[in-house]
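Notes follow once the structure below has been shown.
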Amino acid sequence: MKILISILMIAFIVGMIYLRINLPAIKGKIGEKGVAMTLSFLPKNEYIVLNNLMYKNGSRSTQIDHVVISVYGIFVIETKNYKGWIFGNSSREYWTQNIWGNKYMLYNPLFQNRNHIKFLTTRFSEIKKYVTHLYSIIVFIRASKLHLTGDCDNVLWLNELNPYIKSHNSTIMTIEECHNIASILQTFNIVDKNERKTHNVNVRSAIHFRNEKINNGICPLCGGELIKRYGKYGDFFGCSNYPRCRYTC
Ligand SMILES: [Zn+2]
Numbered sequence: 000m001k002i003l004i005s006i007l008m009i010a011f012i013v014g015m016i017y018l019r020i021n022l023p024a025i026k027g028k029i030g031e032k033g034v035a036m037t038l039s040f041l042p043k044n045e046y047i048v049l050n051n052l053m054y055k056n057g058s059r060s061t062q063i064d065h066v067v068i069s070v071y072g073i074f075v076i077e078t079k080n081y082k083g084w085i086f087g088n089s090s091r092e093y094w095t096q097n098i099w100g101n102k103y104m105l106y107n108p109l110f111q112n113r114n115h116i117k118f119l120t121t122r123f124s125e126i127k128k129y130v131t132h133l134y135s136i137i138v139f140i141r142a143s144k145l146h147l148t149g150d151c152d153n154v155l156w157l158n159e160l161n162p163y164i165k166s167h168n169s170t171i172m173t174i175e176e177c178h179n180i181a182s183i184l185q186t187f188n189i190v191d192k193n194e195r196k197t198h199n200v201n202v203r204s205a206i207h208f209r210n211e212k213i214n215n216g217i218c219p220l221c222g223g224e225l226i227k228r229y230g231k232y233g234d235f236f237g238c239s240n241y242p243r244c245r246y247t248c
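Going by numbering that gives the first Met the number 0, the residue at position 130 of the sequence shown is 129; the numbering climbs one at a time, nothing skipped.
Set out below in structure tokens:
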């Protein structure tokens, strides 16, 4: 009996350590599944949904949560599974997550998704053709409140996602063209598990390194000092090398 209890205790501790290490990735996966499920309700004869795409981008890689290719345009969706209150401005590089008074920084998801779209249009000429009908969408899954300023109309809750997509309703291509784009995106999608794992590790260490600098009051762009400033939309931190460096957070 004692041995059994010991084994259970060890299993519990190992489980907790595993969860602690992998929690961000697990939470991300749960969020993406919820969005994929919601998108699956879009009519199949007008919308093609691709989930969890990954591409080689020079020596790095780019991961895109969801792409919806439809006769009405192409929607690139980034899922954010953060709890607490989220504060942000569309033009600031970093947003703040506030959980019971503890503040954490997150990279502006609008910037993140803008990079995804830039990658897609640079890499695939078939997508570039529709650049004026490419739509960026950010979906928050669990946050209890969003305090956003600036141009954030495309930052949505999950229940707003399909109505927002359907609000774009002028036909710009045939469903055959949609299938053609989807098959190109699927052809180059990285499916190899190890390659995907390497990508996730690289992303996490890059974010960690950058956040560490910011939390120590160092500008991540030029190494200058971050100084508290007072602006129209409230307090923020700016680089001491302004105007040479325009970094703010
Ligand atoms: Zn700077």
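By construction, the Cβ of each residue, glycine as well, lies at the ideal position given by its N, Cα and C atoms.
Answer yes or no: do residue 47 and residue 68 have a C-beta to C-beta separation smaller than 7 Å?
-> Taking 7 Å as the Cβ cut-off, residue 47 and residue 68 qualify as a contacting pair.
Could you tell me whether the Cβ atoms of residue 85 and residue 145 are closer together than 7 Å?
-> A contact, by the Cβ cut-off of 7 Å.
What is the chain-ordered set of residues for which the beta carbon lies under 5 Å from any non-hydrogen atom of ligand 1?
-> In chain order, the qualifying residues are 218, 220, 221, 223, 238, 240, 244 and 246.
Is the stretch 176-193 in contact with the stretch 157-168, if contact means three or more CB pairs nearer than 8 Å?
-> The stretch 176-193 is not in contact with the stretch 157-168.
Extent of the continuous alpha helix (DSSP H) run through residue 217 = That residue, residue 217, is in no alpha helix (DSSP H); it is neither H nor E in DSSP.
Answer yes or no: do residue 254 and residue 70 have a C-beta to C-beta separation smaller than 7 Å?
-> This structure gives no information on residue 254, because the portion of the chain shown stretches from 0 to 248.
Please name the residue in 57, 216 and 52 whose C-alpha comes closest to that of residue 330.
-> Residue 330 is absent from the structure shown; the chain starts at 0 and stops at 248.
Ignore the nearest five residues each way along the sequence and tell me which others in residue 198's own chain have a CB closer than 7 Å to its CB.
-> Hits under 7 Å: 53, 60 and 62.
Buried or exposed: residue 130, going by 16 or more other Cβ atoms within 10 Å of its Cβ?
-> With fewer than 16 Cβ atoms within 10 Å of its Cβ, residue 130 is classed as exposed.
Relative to the C-alpha of residue 249, which residue among 234, 81, 232 and 174 is closest?
-> The structure shown does not extend to residue 249, since the chain spans only 0 to 248, so no value can be given for it.
Indicate whether residue 135 and residue 200 have their beta-carbon atoms separated by less than 7 Å.
-> The answer is no: Cβ separation not under 7 Å.
So what does DSSP say about residue 334, is it helix, strand or coil?
-> No answer is possible for residue 334: the residues shown for the chain start at 0 and end at 248.
What's the call for residue 108, buried or exposed, on a 16-neighbour Cβ count within 10 Å?
-> With 16 or more Cβ atoms within 10 Å of its Cβ, residue 108 is classed as buried.
Taking the Cβ atom as the reference point for each residue, do residue 93 and residue 248 lie within a distance shorter than 7 Å?
-> The Cβ atoms of residue 93 and residue 248 lie closer than 7 Å to each other.
Cβ shell of residue 240 (< 8 Å), same chain only, five flanking positions each side left out | 218, 221 and 223.
Along the beta strand (DSSP E) that carries residue 135, what are the first and last residues, could you check?
-> Boundaries of the beta strand (DSSP E) around residue 135: 133-139.
Find the nearest neighbour of residue 87 within the set 138, 105, 34 and 147, judged by alpha-carbon distance.
-> Here the closest residue by C-alpha is 147.
Between residue 116 and chain D, is there a C-beta pair that is closer than 7 Å?
-> Among the chains of the structure shown, chain D does not appear; only one protein chain is present.
Between the CA atoms of residue 10 and residue 208 - distance to the nearest angstrom | Straight-line Cα distance between these residues: approximately 32 Å.
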